[in-house]
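For reference, the structure discussed in these notes is given below.
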Amino acid sequence: MNPAYLLAELARRPGRTLSAILSVALGLALFVSLQAYAAGYREAARAPLAEIGADIAAQRQGDVPEAFQGIVFPHSTAPIHPDEIAAVRRLPGVETVGEVVLFWDFEPERFLVVLGLDPTSNIGPGRLRAAVTAGRFLATDEHGVAVADVTFAHQAGLGLGDTLPIAGQPFTLVGLVDTSRAGQVANANLYIPLADARALSAAAPNVRAVHDFRAGDANILFIKANQAQADSVITAVTDLLGEKAIVSSARSFSQVLGEAYRLVDRFGWLVGLAGLLLAVAALLRAMAANLWERRRDVGVMRAVGWRRREIVLQLTGEVLALALGGVLAGLALAVLVTLVLSQTHVTVPVPWELSPTPHFLPGGAQAMAVTINLPAQVDPVMALISLALALTCSAALGLGLAGRAAKIKPAEVLRSE
Amino acid sequence: MNDLLRTENLDKAFGRVNAVQGVSLTIAAGEFVAIMGRSGSGKTTLLQLLAGLESPTAGHILFQGQDIGHLNEDGLALWRREHVGLVFQAFHLIPTLSAMENVALPLYPTAVRPEERRLRALARLEQVGLSHRAGHRPGQLSGGEQQRVAIARALINQPSLVLADEPTGNLDSQSSAEVLDLFRKLNHEFGVAVMVVTHDREVAAVAGRLIEMKDGSIVKRDHPARSLPAPSVRDER
């Protein structure tokens, strides 16, 4: 293949060159952008749990409390027992498990959402330690202390060092946290040591009335799983917790992301692939027309001593150069489109079960949501796949076209005009 | 003189039409031969047979004693690349290539380095008096200039035989004279054998030998060109 001849052909037929490059570029940009869009939504669906370092949240549906007095469990959080927690930890693909106890405290003068957590855990609300705005976070093995959400503390007129009763037990406020910086999952007004939350729950009459709450129980688990095994972990956890299991994950979040995402997720590959193939077809149609116009040129090449394979190589080189130009332009276009997409916002609704507040309280039924910029970006693997696909298709069909063109009999096309 | 090209009882039929029948001729090295005849007499078909662009129905074509009938199409292409230069009535230049690139076209698939290719193409353009038009594309050249570029292309591999099919057929008288002058110079000064197919007696008059065809067969041969009327075009130069 002669590069000088190839470049001359491409440069001096600008209309054909540009239209061929553009058709490939548009098809490829459609393919890569759709994949980036779908991947962005998949990533967005991970956001609510990813904000607290988890991939999966596991709960069990319970019964509605008999009376909303003192400590009660939201009906989306029944006890999960230590043997079940241990079984979850042993599941293949489970990397870490964080345990919490979430309860409501109905007092005559105030309502509280309280979360008991292990301050040493790197998964789940333990991550709030990075969102402390005043004072300090909970320390290991301490009791009778609490950290308050800064907005709640402001509304309740609470400050550091104040004592606040929870089910009659005094808790000293040692820190304030900005929960809005730590996600919308398992939000609470107060955060207390897990052992204290367990003890309070175990002693609460309205918990005991509907639940068999034992020492070491939790009512929400946050699970960090190996990405490759996440689906099997979800299935296994669902099986372990029984028919009342509520297992939240990127998969369940993606189901509430809307029709557009579902369409792209389901048909994005197909539409993108069809676009890419149409682009290659357009390129080849252009090349076929071009080769028909250049039959005389091919005849001249044969007449002046070009062998068939030399002509095939030259013409295939042209198709490949156009395809490569189209792929590079398409990738640049896809990056641009993806940049624009990444400036759009996506709102991921957080199911009520993951951050429950009583429906009968003001704002209790208000849906929580995580709003983020769509994390769309061009996947390098996808870019390489599309590059390989476009070049392979172009090379194969280019070889076919060029092979046919090279069979032209020079005597037929070079007769005097 | 040594035989450069010899044909023995050459036939070419297209279906029931016998375009060339029983043609036996010899072209010696350094000879200038003109083939004349009316349209449809088979002279262009004969040239295409001699160039290996068509395969004969019967008979043999021997180049320097070797039968080129045994060569496949790629073998014939290589043979043309090494030994034969072709010039057509319609010039047949590649429209997207410059004059220099067109001249270098036969060298593109070879191992000749780009710089040497450029120098050789420029030298051929110089030979036909067009080095100043090296960067121009065919569309920017006159008919006569295009034909001179085509002649330069035919010479790029220093062939021992140039086959020209109506090389002045599309040219005005001035350009025809220049092209004929080039062929004569090639033949006289560089010893290249030239075979020109023409129906123009003024062109044929430049040749050292004339072969006349009718209905696919040679009807007259070995008529010296000087027996033809003096070519006024050549005389003007």
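Line by line, the protein sequences give chains A and B.
So for the first sequence, my numbering puts the first residue at 75; every next one is plus one.
So for the second sequence, my numbering puts the first residue at 971; every next one is plus one.
Each residue gets a CB set at the ideal place from its N, CA and C atoms; glycine is no exception.
Nearest residue (CA-CA) to residue i, options the options
i, options, result
"A/A324", "A/L102, A/P148, A/G114", "A/G114"
"B/K1184", "B/F1160, B/N972, B/V993, B/M1070", "B/V993"
"A/P182", "A/S93, A/I240, A/L458", "A/I240"
"A/Q301", "A/F211, A/G200, A/V168, A/L465", "A/V168"
"B/L1141", "B/F1058, B/D1037, B/T1027", "B/F1058"
"B/V1167", "B/V987, B/V1073, B/K1013, B/G1045", "B/K1013"
"A/A227", "A/G218, A/V248, A/L165", "A/V248"
"A/L234", "A/F211, A/W343, A/L202, A/H149", "A/F211"
"A/G144", "A/A450, A/A283, A/T194, A/V422", "A/A283"
"A/D371", "A/P484, A/A119, A/A222, A/H155", "A/P484"
"B/I997", "B/L1111, B/L1017, B/D981, B/A989", "B/L1017"
"A/V106", "A/A470, A/S468, A/V455", "A/V455"
Where residue i meets chain B, residues with beta-carbon distance less than 7 Å
i, result
"A/N300", "Correct list: empty, because the minimum Cβ distance to chain B is about 56 Å."
Straight-line Cα distance separating residue j from residue i
i, j, result
"A/G472", "A/I385", "12 Å"
"A/G404", "A/Y111", "16 Å"
"A/G198", "A/L102", "40 Å"
"A/W426", "A/M442", "7 Å"
"A/A85", "B/A1069", "16 Å"
"B/L1131", "B/F1160", "11 Å"
"B/D1151", "B/A1060", "19 Å"
"A/F245", "A/T253", "19 Å"
"B/D1205", "B/E1001", "With a pLDDT of 32 at B/D1205, under the threshold of 50, the modelled position of that residue is not reliable, and the figure given next carries that caveat. If you take the alpha carbons of B/D1205 and B/E1001, they lie about 21 Å apart."
"B/H1040", "A/A480", "21 Å"
"B/L1075", "A/L413", "46 Å"
"B/R1157", "B/A999", "Per the sequence presented here, residue 1157 of chain B reads as Asn, with Arg not at that position. The alpha-carbon atoms of B/N1157 and B/A999 are separated by roughly 10 Å."
"B/P1201", "A/I95", "Model confidence at B/P1201 stands at a pLDDT of 42, short of 50, so the residue's coordinates are unreliable; what they give is reported in the following sentence. Using only the alpha carbons, I get a separation of about 54 Å."
"A/I446", "B/T1066", "53 Å"
"A/L475", "B/L995", "40 Å"
"B/G1105", "B/E1096", "13 Å"
"A/Q133", "A/A348", "42 Å"
"A/G400", "B/F984", "45 Å"
"A/G290", "A/L238", "25 Å"
"B/L1046", "B/V1176", "29 Å"
"B/T977", "A/L465", "48 Å"
"B/D973", "B/H1053", "14 Å"
"B/K1190", "B/L1125", "30 Å"
"A/E117", "B/P1108", "58 Å"
"A/V138", "A/I266", "24 Å"
"B/T1015", "B/S1025", "10 Å"
"B/F1153", "B/Q1116", "15 Å"
Chain-ordered chain A contacts of residue i [CB-CB under 8 Å]
i, result
"B/H1062", "R370, G373, V374, A377, L488"
"B/L1056", "A377, V378"
"B/L1089", "Going along chain A, no residue has its Cβ under 8 Å from B/L1089, so there is no contact; the nearest lies around 14 Å."
Proximal residues of chain B, C-beta to C-beta of residue i below 8 Å
i, result
"A/A360", "Simply none; closest approach about 16 Å."
"A/A78", "E1071, Y1078, P1084"
Whole-number beta carbon distance between residue j and residue i, since they are thought to touch under 8 Å
i, j, result
"A/T151", "A/G172", "That belief does not hold up - the Cβ atoms of A/T151 and A/G172 are roughly 15 Å apart, past 8 Å."
"B/A1122", "B/R1094", "4 Å"
"A/V420", "A/P122", "Actually they are not in contact, since the Cβ atoms of A/V420 and A/P122 sit about 12 Å apart, beyond 8 Å."
"B/G1007", "B/E1182", "6 Å"
"A/L264", "A/A220", "5 Å"
"A/A82", "B/E1085", "Wrong, their Cβ atoms sit about 17 Å apart, outside the cutoff."
"A/N261", "A/F147", "Their Cβ separation, rounded to whole angstroms, is 16 Å, which puts A/N261 and A/F147 out of contact at 8 Å."
"A/A119", "A/L331", "6 Å"
Listed by chain order, chain A residues near residue i by CB distance under 9 Å
i, result
"B/Q1018", "P484, A485, L488, R489"
"B/R1051", "V378, G379, W380, R381"
"B/L1095", "In chain order: nothing, as chain A lies at least about 16 Å away."
"B/L975", "The contacting residues do not exist; B/L975 stays about 17 Å from chain A at best."
Under 7 Å by beta carbon: chain A residues contacting residue i
i, result
"B/D1044", "R381, R382"
"B/S984", "The sequence shown places Phe at residue 984 of chain B, rather than the Ser named in the question. Going along chain A, no residue has its Cβ under 7 Å from B/F984, so there is no contact; the nearest lies around 11 Å."
"B/R1123", "V378"
"B/T1066", "A82, E83, R86, R87"
"B/E1024", "A485"
"B/V999", "Rather than Val, the amino acid found at residue 999 of chain B in this sequence is Ala. The premise fails here: B/A999 is roughly 20 Å from chain A at the closest Cβ pair, so nothing lies under 7 Å."
"B/A1047", "R376, G379, W380, R381"
"B/L1156", "Correct list: empty, because the minimum Cβ distance to chain A is about 17 Å."
Contacts that residue i makes with chain B (C-beta to C-beta distance below 9 Å)
i, result
"A/R120", "Correct list: empty, because the minimum Cβ distance to chain B is about 53 Å."
is_contact[residue i, chain C] using C-beta, thresh 8 Å
i, result
"B/A998", "The chain labelled as chain C is not found among the protein chains of the depicted structure, namely A and B."
Residue i Cβ short of 7 Å to the ligand NAP heavy atom set
i, result
"A/A406", "With respect to the ligand NAP, the structure offers nothing, as it holds no ligand at all."
Tell me which residues of the stretch 1165 to 1177 of chain B have at least one Cβ-Cβ distance to chain A shorter than 9 Å, keeping chain order. none
Along the stretch 1112 to 1139 of chain B, where does the CB come closer than 9 Å to a CB of chain A? Name the residues. R1123, A1124, I1126, N1127, D1135, E1136, G1139
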